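Novice: First residue of the sequence shown: 1, per UniProt numbering; consecutive thereafter.
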Amino acid sequence: AGLLVCSDIFFISRTNNQVNVFEDLLCLYCRMNMYVGLLAVGITLCLQCQVDAGVKLVIPLLKQPSGLSREAVRAADYMQNTLSLLRGALEKRQKRSINATDLITVEDLNVIAKLTGCATQIRPPSCKDISKSFRTAASSCNNLKNPRWGSSNIPFLRWLPAEYEDDLTSPKGWTSDLRVNYHLLPLVREVSNRILATTNEDVESDPLYSHLVTIFGQWTDHDLTLTPNSPSIVSFNNNINCETSCARTEPCFPIEIPSNDERFQEDPKECLPFSRSAPACGSGNTGHIFGASTLRHQMNTLTSFIDAGQVYGSDEAKAQRLRDLSTEEGLMKVNPEFDDNGRALLPFTGSNASICNTRARITKDPNARELDCFLAGDVRSNENIGLASLHTLMVREHNRLARALANLNPNWDGNRLYQEARKIMGGYMQVITYRDYLRHILGPEVMSKQLSTYPGYDENVDPSIANVFATAAYRFAHLMVQPFMFRLDENYENHADYPSELLHRTMFTPWRIAFEGGLDPILRGLVGRPAKLNTQDHMLTEELRNRLFKFSVDLAMDLGSLNMQRGRDHGLPGYNKWRGFCGLSQPQNLEELATVLNNTDLAEKLMDLYGTPDNIDIWLGGVAEPFVAGGRVGPLFACMISTQFKRIRQGDRFWWENDGVFTGAQRRSLRDASLARIICDNTGITEVPDQPFQYRPRGSGYSQCKDLPAFDLKPWAENCELVVDLLQNGKLILHSYTTQQNGYVSASGSTFIKLQRGDKVWLVANNGGNGLTSDSYFSGHLLFAE
Numbered sequence: 001a002g003l004l005v006c007s008d009i010f011f012i013s014r015t016n017n018q019v020n021v022f023e024d025l026l027c028l029y030c031r032m033n034m035y036v037g038l039l040a041v042g043i044t045l046c047l048q049c050q051v052d053a054g055v056k057l058v059i060p061l062l063k064q065p066s067g068l069s070r071e072a073v074r075a076a077d078y079m080q081n082t083l084s085l086l087r088g089a090l091e092k093r094q095k096r097s098i099n100a101t102d103l104i105t106v107e108d109l110n111v112i113a114k115l116t117g118c119a120t121q122i123r124p125p126s127c128k129d130i131s132k133s134f135r136t137a138a139s140s141c142n143n144l145k146n147p148r149w150g151s152s153n154i155p156f157l158r159w160l161p162a163e164y165e166d167d168l169t170s171p172k173g174w175t176s177d178l179r180v181n182y183h184l185l186p187l188v189r190e191v192s193n194r195i196l197a198t199t200n201e202d203v204e205s206d207p208l209y210s211h212l213v214t215i216f217g218q219w220t221d222h223d224l225t226l227t228p229n230s231p232s233i234v235s236f237n238n239n240i241n242c243e244t245s246c247a248r249t250e251p252c253f254p255i256e257i258p259s260n261d262e263r264f265q266e267d268p269k270e271c272l273p274f275s276r277s278a279p280a281c282g283s284g285n286t287g288h289i290f291g292a293s294t295l296r297h298q299m300n301t302l303t304s305f306i307d308a309g310q311v312y313g314s315d316e317a318k319a320q321r322l323r324d325l326s327t328e329e330g331l332m333k334v335n336p337e338f339d340d341n342g343r344a345l346l347p348f349t350g351s352n353a354s355i356c357n358t359r360a361r362i363t364k365d366p367n368a369r370e371l372d373c374f375l376a377g378d379v380r381s382n383e384n385i386g387l388a389s390l391h392t393l394m395v396r397e398h399n400r401l402a403r404a405l406a407n408l409n410p411n412w413d414g415n416r417l418y419q420e421a422r423k424i425m426g427g428y429m430q431v432i433t434y435r436d437y438l439r440h441i442l443g444p445e446v447m448s449k450q451l452s453t454y455p456g457y458d459e460n461v462d463p464s465i466a467n468v469f470a471t472a473a474y475r476f477a478h479l480m481v482q483p484f485m486f487r488l489d490e491n492y493e494n495h496a497d498y499p500s501e502l503l504h505r506t507m508f509t510p511w512r513i514a515f516e517g518g519l520d521p522i523l524r525g526l527v528g529r530p531a532k533l534n535t536q537d538h539m540l541t542e543e544l545r546n547r548l549f550k551f552s553v554d555l556a557m558d559l560g561s562l563n564m565q566r567g568r569d570h571g572l573p574g575y576n577k578w579r580g581f582c583g584l585s586q587p588q589n590l591e592e593l594a595t596v597l598n599n600t601d602l603a604e605k606l607m608d609l610y611g612t613p614d615n616i617d618i619w620l621g622g623v624a625e626p627f628v629a630g631g632r633v634g635p636l637f638a639c640m641i642s643t644q645f646k647r648i649r650q651g652d653r654f655w656w657e658n659d660g661v662f663t664g665a666q667r668r669s670l671r672d673a674s675l676a677r678i679i680c681d682n683t684g685i686t687e688v689p690d691q692p693f694q695y696r697p698r699g700s701g702y703s704q705c706k707d708l709p710a711f712d713l714k715p716w717a718e719n720c721e722l723v724v725d726l727l728q729n730g731k732l733i734l735h736s737y738t739t740q741q742n743g744y745v746s747a748s749g750s751t752f753i754k755l756q757r758g759d760k761v762w763l764v765a766n767n768g769g770n771g772l773t774s775d776s777y778f779s780g781h782l783l784f785a786e
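Right, dumping it as C-alpha cells:
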C-alpha cells in the first residue's frame, strides 16, 4: 500500500509541475505510514491547494519574497505543513490532541528538516572569504562571531515572550469566544471605526515638519523590515482560499467586519481578507527540533542595518539583477524607454500581470497605456509616487557617485566603483537618518539620552530587528500620512498641469511619474507641504482606512485594522506589558489610563472596547499616547524606536563612524552629507529648503541649489596624499586642491568669508589619513577686514 500511494503521489506531483522537494517529502510520508496511514487523497489535496492558489491580493503579493528569501519562506512553510498534516492524522488515530513530533523519531525529524530546507536556513554562513571593506548584500558576517546577526532571512528578535492563544502558534482572537485577561478581544475593524476614523476634511497639518518626514519614515522602514506572508493563500488542510473565504484556518486569519459598519451597509461583507505571516524555520511546531523556542516566530527578509538595502537589495541575486553589468562603470540599471527630462527613471520589473496596471481604472480610459511596476531594491517601491520618487532619486545619486569616482580613479573596475558608491550611499543614509530625521521623531531629550555620542562598535550587541519594532512601533508614521500626494511647481504652488491627487489615486501608479511631470513636482510637494499631525481625535485618514489599494484590489483595505491584526498574528503582548518593558507605569483602570493618555474620553472608549488596559493592541496604545517633548511619538514608542536604533548603530561593524570603515577625511565629507544637496544634484529643482524635514513656506530657510556646498569626493581619490580644509564654526568653507612640484606636495586654495563676532576659523590638514610629516609646514595668511 505504501508503494502504491507513493506512485500515485509522484504522478500527481509531476502532472501539476510541483516543486521537486515534494517528491522527496511524499516518499517520507510513505515511510511514515506506520505512524499515520496517510491516504493519497490527503496528499492530493495538499498539492492541489498550491496549484490553485492564484495571488490576487496586493499585500500577499508585495510580501512574496524572491531568491534566497523565497527559499527560506518555503522551507519553513513546507516544514510547518508537513508536521501539521502528520499532527492531524495522529490526532485522528490517537483520538486526542497531540504534537506530531512526540511520536516521530529524531532520525525522521532530521530528514524532514533536511528535505524541506529548514536545516540549511539555520546553519551559520562561512565568513572565510568575505570582503573586509564592503558589506555582503545580505549583511551576513557583519558580526564575525555571530554571522547571522542582522542578516536577511532570520527571525525577528523577541524583546518579550510571544503570547499565543494556544501558547504555541495560534494568535489571540483566533477563537472568538475565548477571553483574554477575563475580557473578549474586540474586532480590530470595530476598534478602527471607533478610535481611528478621520475624514480627509478633518485632517490637521503639522506646523513643524514636512510631508517628507512621513515618506522618509516609510523609506527607512523599507531598509530595515519586511515580513513575508505565508507563501500560499490557500489552506493546506482544507483547500480554503484566504482571498474569498471568511473561515479561520491556517494561514487565513480574516478581519471580521462588524454588522453596524457604515462602509458596508449597502454592500455587506463578512470580512476583509488577511493571510498570516510566514513562520521562521526553527520556531513554532518545528522549534524544538533545532533546540530552539517552540513559540512561532516571524522572519525579516531584509538586513537590519541602515545600508541602503532598499536601493541595492538584501541578497546577492537581487543585487545583481539591479546592476548594469553591460559596462565597467559600476552603475545601477535605469529605464531604457522612459526618462524624466533627460534624467533616469527606474527600470520596469518585466512582470506580465502587474498590480501597477491601474491607469485605465483611475483615468476611466480603457485605451490608456499601462506601465509595469518599477524595479527597485525593495518590492514596495511602487506603493505611492512619493516613495517611488525617493527610490528614483537615490538610484540617480548612486550613478552620479559612480561616474564621479571613475573620474577620480580611472583604474577602478566596475565592481570597485559599484561597491564604493554603495558604501557612500550607506553612509549618507546613516548620517541623514540619525542626524536629521530621528531627532524630529524622538525629540531632543530622548536623542540626548539614547543616541548622542557614538560609543563604538560592540560585537556583543545584536542589531537584529525586534518583532515589536517592525510590527508596531515603527508603524507610527501611518498616522502622519496626508490624504493627498502634493505636486508643486517651481514656485512651490499647486501645479497647474499636474495637480495634487488623493493618496489612493497615487498607489501603484508609476505611470504618473513617467507621463505626468516626473520627480520634480512630487519632491517639491514632499518638502514644501506639511505632514499630517497625529492627534488623539483625528488619527488615520480615510485614504488609509477605507481606500487602501483601492485600484489594485477588489476590496479596499484598512491599514489600521491590518496593523492590529498583524500584531495579534505575531503574538505581541498587550499594551501594559510593553509599558513595563520600557520602565513606564502600567495603568490598571480608567482613571490611570486617562492620566497616561491625558484624555478621559479616549480612555473611556478604549476601556469600553478592551475592558482592561492589558488587552489594548500595542500599535494602537503606542500611537494614542501624547508626544514626548519635541517629538512625534509618545513615551512607549520613543523607548522602542530609540532602543532599536541604538542597537542598529552599536552592532554594525560597518557603521560610518567606526574606525577603519572610512578615512578621517572621508568621514568629514560624510558629516556634511545633505538630503537637500542630493535633491539638487539629481533633479531639475533649483531651490530647496535648507532643512527638508522642517516645514517652512517658501522664502525663509530656502536656498538656491548653487549656494549649497557640494559633497566632496576628493578623499576617495586613491592617490590623494595631502588635504587641507578651512572650517568656519565647524562648517567646511574651502577644500584644497593638490599639486606636486620639486618633490613637495602642496595643498592650495583661496576664498573670502564674512566673519561675525565670536566665529571660529581653523585649518585641518591630513596626509593620506596619517597626519602630517615632520617637514610639513603652512605658508599663507588669513586677511581680516572690517
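For every residue, glycine included, the Cβ atom is placed at its ideal position computed from N, Cα and C. Everything numeric in this text was worked out from a predicted model, so none of it was measured.
Measuring CA to CA, which of V553, P336, S277 and G528 is closest to E490?
Specialist: Considering only alpha carbons, the answer is G528.
Novice: Assuming contact is defined by CB atoms lying nearer than 8 Å, are P626 and N598 in contact in what I supplied?
Specialist: A contact, by the Cβ cut-off of 8 Å.
Novice: Output needed for R512: all residues of its chain with C-beta closer than 7 Å, excluding positions within five of it in sequence on either side, in chain order.
Specialist: Only I385 and T506 meet the Cβ criterion.
Novice: Under the DSSP definition of a beta bridge, which residues are partnered with R343?
Specialist: For R343, which the question treats as bridged, DSSP gives the partners D340.
Novice: Quick one: is A496 buried, meaning 16 or more other Cβ sit within 10 Å of its Cβ, or exposed?
Specialist: Exposed: under 16 other Cβ atoms inside 10 Å.
Novice: What did DSSP end up calling H570 once you bin it into helix, strand or coil?
Specialist: Reduced to three states, the DSSP call for H570 is coil.
Novice: Give me the DSSP bridge partner(s) of I255.
Specialist: Paired residue(s): L272.
Novice: At 4 residues or longer, what runs of the alpha helix (DSSP H) sit wholly inside the region 421–495?
Specialist: Correct list: 438–450 and 467–471.
Novice: Could you tell me how far apart the beta carbons of G378 and H222 are, in whole angstroms, since I believe they sit closer than 8 Å?
Specialist: Note that residue 378 is Asp in the sequence shown, not Gly. Correct: roughly 4 Å between the Cβ atoms.
Novice: Could you check which residue in M485, K114, G634 and L224 has the C-alpha nearest to that of S152?
Specialist: The residue with the shortest Cα to Cα distance from S152 is L224.
Novice: With three or more C-beta pairs closer than 8 Å as the rule, is the region 664–684 touching the region 461–479?
Specialist: Output reads no: the region 664–684 does not touch the region 461–479.
Novice: Mind listing, in chain order, the continuous alpha helix (DSSP H) runs of no fewer than 4 residues lying wholly within the region 128–213?
Specialist: List check, alpha helix (DSSP H) in window: 188–191.
Novice: For N762, write down the residues that DSSP places opposite it in a beta bridge.
Specialist: It should be pointed out that residue 762 corresponds to Trp in this sequence rather than to Asn. Beta-bridge pairing links W762 to L727.
Novice: Is it right to say Q756 is buried, meaning 16 or more other beta carbons lie within 10 angstroms of its own, or is it exposed?
Specialist: The residue in question, Q756, is exposed, as its Cβ has fewer than 16 Cβ neighbours within 10 Å.
Novice: Are there 16 or more other CB atoms within 10 angstroms of the CB of E250, so buried, or fewer, so exposed?
Specialist: By the 10 Å Cβ count, E250 comes out buried.
Novice: Compare the C-alpha of V623 against each of L438, A162, M640 and L226 and name the closest.
Specialist: Closest option to V623, Cα to Cα, is M640.
Novice: Pick out the complete alpha helix (DSSP H) segments inside the region 354–404, 4 residues or longer, and give them in chain order.
Specialist: With a minimum length of 4 residues, the continuous alpha helix (DSSP H) runs that stay inside the region 354–404 are 359–363.
Novice: Does DSSP classify L597 as helix, strand or coil?
Specialist: In the structure shown, L597 sits in a helix (DSSP, three-state: H, G or I).
Novice: Determine whether the beta carbon atoms of E543 and P499 lie at a separation below 8 Å.
Specialist: It is not a contact, given that the beta carbons lie outside the stated cut-off.
Novice: Between N534 and R632, is the Cβ-Cβ spacing less than 8 Å?
Specialist: Yes; because the gap between Cβ atoms is below 8 Å, this pair is in contact.
Novice: Just to confirm before moving on: does the CB-CB distance between A629 and E383 stay below 8 Å?
Specialist: Not in contact: A629 and E383 (Cβ atoms no closer than 8 Å).
Novice: Using the C-alpha atoms, what's the distance from S351 back to Q18?
Specialist: Low per-residue confidence applies at Q18: pLDDT is 34, beneath 50, and the placement is therefore not dependable enough to give any value.
Novice: On the three-state DSSP scale, how would you describe R579?
Specialist: DSSP places R579 in helix when its eight states are reduced to three.
Novice: Just curious, the alpha helix (DSSP H) that E543 is in, first and last residue?
Specialist: Counting along the chain, the alpha helix (DSSP H) containing E543 begins and ends at E542 to R545.
Novice: Restricting to Cα atoms, I'd like to know which of F469, C680 and Q80 is closest to N300.
Specialist: The shortest C-alpha separation from N300 is found at F469.
Novice: Identify whether H735 lies in helix, strand or coil by the three-state DSSP scheme.
Specialist: H735 falls in the strand class under three-state DSSP.
Novice: What is the rounded straight-line gap between the Cα of K269 and the Cα of I233?
Specialist: Computed Cα separation, rounded: 19 Å.
Novice: Opposite H504 in the DSSP bridges: which residues?
Specialist: Beta-bridge pairing links H504 to no other residue.
Novice: For the alpha helix (DSSP H) containing residue 835, name the first residue and the last one.
Specialist: Absent from the model: residue 835. The displayed extent of the chain is 1 to 786, so no value can be given.
Novice: Between G414 and G758, what straight-line distance do the alpha-carbon atoms span, to the nearest angstrom?
Specialist: The straight-line gap from Cα to Cα measures roughly 48 Å.
Novice: Note the first and the last residue of the continuous beta strand (DSSP E) segment covering V688.
Specialist: Counting along the chain, the beta strand (DSSP E) containing V688 begins and ends at E687 to P689.
Novice: Thinking F338 and D372 are a contact (beta carbons under 8 Å), I'd like their distance in whole angstroms, please.
Specialist: The pair is not a contact, with the Cβ atoms about 11 Å apart (cut-off 8 Å).
Novice: By Cβ distance, which residues of its chain are closer than 7 Å to P715, with the 5 residues on each side in sequence left out?
Specialist: Around P715: T663, A665, Q666, S669 and V723.
Novice: Please report the Cβ distance between F253 and P171, rounded to the nearest whole angstrom; I am assuming they are in contact, meaning their Cβ atoms lie under 8 Å.
Specialist: With 8 Å as the limit, F253 and P171 qualify as a contact, their Cβ atoms being about 6 Å apart.
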